[in-house]
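Residue numbers (the UniProt record's numbering): 1 to 313.
The C-beta atom is built at its ideal place from N, Cα and C for all residues, glycine as well.
This one's a predicted model, so the numbers in the text were calculated from it and none came from an experiment.
Single-structure report; data block below.
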Ligand code: RIB
Ligand code: CA
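Structure follows, in structure tokens:
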């Protein structure tokens with residue numbers, strides 16, 4: 001099997017954690033490393049959480065490299081009100097024995113892209129794009145070496161979730177997002193428009209809880225904690241499972257529909273900071289710079305997720 005080499009850049013976060021589990025359980029993917037960034041919670045916690053999740057998955061072979069502890073040019077905004085004070089509330093996992101790799105996340109990304117054949121490594125950002133932008137600034141040569149950036153972020157039809165205009169990952173570091181979306185690197189984005197179609201309904205959570213392993217019930221408990229905020233906000237059965245959409249796209253792209261669009265990032269306006277201006281109807285005449293995911297086969301998504309998590313310890 002030709003495995004797809006990937007680096008996951010993440011701010012765990014319960015949905016990030018489920019994405020990490022899905023990647024760890026999927027033999028089609030070669031998980032080269034996990035890089036962490038400040039986002040849902042501060043960097044010290046996102047890094048601790050990434051180590052806990054990989055240990056839970058039995059993947060102590062995967063290096064965890066800590067990255068940026070703040071955005072490029074604005075103060076850090078975190079989301080403990082959604083993810084809890086630890087960022088992984090819902091389950092108490094043991095302290096990990098998996099060490100933090102000595103390399104900074106940005107150095108690891110640059111080094112890995114330069115060592116691997118050009119055009120073979122996919123970057124999978126699941127949080128603010130600070131590490132990715134810093135790597136592109138420090139090593140512009142990597143832009144042509146990245147196979148594709150497949151990220152969770154942004155929104156158009158759904159608007160925003162942290163302001164009426166902006167989704168959290170882009171809002172936290174708009175400048176970083178602007179530099180990534182203007183880098184020329186092929187991009188696939190999973191915005192709120194698609195992630196809000198994959199809801200953690202009780203039936204889907206029950207299927208995970210019923211798995212005869214440790215991971216299933218843990219993932220179910222994370223979802224039940226994580227979804228309460230969105231259930232109250234949107235009045236639906238379940239919350240959107242954002243970040244695993246990135247990994248599911250890599251595994252089964254046919255689960256999603258998409259359109260190539262021009263996407264620009266608002267970085268100046270206080271009112272619409274972090275808005276992804278997605279030219280869905282091609283009214284600007286500007287060239288497309290991103291494949292924008294729009295609809296998901298939610299049942300197929302959760303069937304894949306449940307089947308794969310069943311293979312973990
Ligand atoms: O807006 C959803 C995104 O913000 C997800 O990546 C979630 O983990 C948070 O980081
Ligand atoms: Ca995230």
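DSSP-derived helix/strand/coil call for residue 371: Nothing can be reported for residue 371: it is not among the residues displayed for the chain, which extend from 1 to 313.
Assuming residue 292 and residue 263 make a contact with CB atoms under 8 Å, what is their CB distance in whole Å? 7 Å
Run of the beta strand (DSSP E) containing residue 291, from where it starts to where it stops: 290-296
Exposure label - residue 67; buried when at least 16 CB within 10 Å: buried
Should residue 213 be labelled buried (16 or more other beta-carbon atoms within 10 Å of its own) or exposed? exposed
What does the alpha-carbon distance come out to for the pair residue 296 and residue 158? 14 Å
Unbroken alpha helix (DSSP H) run spanning residue 223, endpoints: 215-234
Look up residue 33 in the DSSP assignment and say whether it is helix, strand or coil. strand
If we ignore side chains and look at the alpha-carbon of each, how far apart do residue 154 and residue 198 end up? 16 Å
Is the beta carbon of residue 92 less than 8 Å from the beta carbon of residue 46? no
Less than 8 Å separating the beta-carbons of residue 33 and residue 53? no
Using a 10 Å radius around the Cβ and a threshold of 16 neighbouring Cβ atoms, would you call residue 188 buried or exposed? buried
For residue 148, three-class secondary structure by DSSP: strand
Between which two residues does the beta strand (DSSP E) containing residue 96 stretch? It is not in any beta strand (DSSP E) - residue 96 carries neither H nor E in the DSSP assignment.
Below 8 Å, can you find three or more Cβ-Cβ pairs linking the stretch 15-26 to the stretch 129-144? no
Can you tell which of 179, 1, 271, 114 has its C-alpha closest to the C-alpha of residue 164? 271
Where do the ends of the alpha helix (DSSP H) carrying residue 51 lie? 43-56
Quick one: what's got a C-beta closer than 7 Å to residue 266's C-beta in the same chain, skipping five residues either side? 174, 272, 273, 274, 275, 277
Residue 317 (DSSP reduced to helix, strand or coil): This structure gives no information on residue 317, because the portion of the chain shown stretches from 1 to 313.
Let me know the secondary structure DSSP gives residue 82 once reduced to three states. helix
Tell me whether residue 125 sits in a helix, a strand or coil according to DSSP, three-state version. strand
How about the stretch 109-124 and the stretch 80-89: do they share at least three Cβ pairs that are nearer than 8 Å? no
Output the boundary residues of the beta strand (DSSP E) element that contains residue 9. 4-10
Which of the three DSSP states, helix, strand or coil, is assigned to residue 195? helix
Residue 106 by DSSP, collapsed to three states: which one? helix
With a Cβ-Cβ cutoff of 8 Å, do residue 228 and residue 220 count as a contact? no
Apply the 10 Å Cβ neighbour rule to residue 147 and answer buried if 16 or more other Cβ atoms are within range, or exposed otherwise. buried
Residues passing the C-beta test against ligand 1 heavy atoms, cut-off 6 Å: 11, 13, 15, 16, 39, 40, 126, 127, 152, 161, 167, 168, 169, 242, 243
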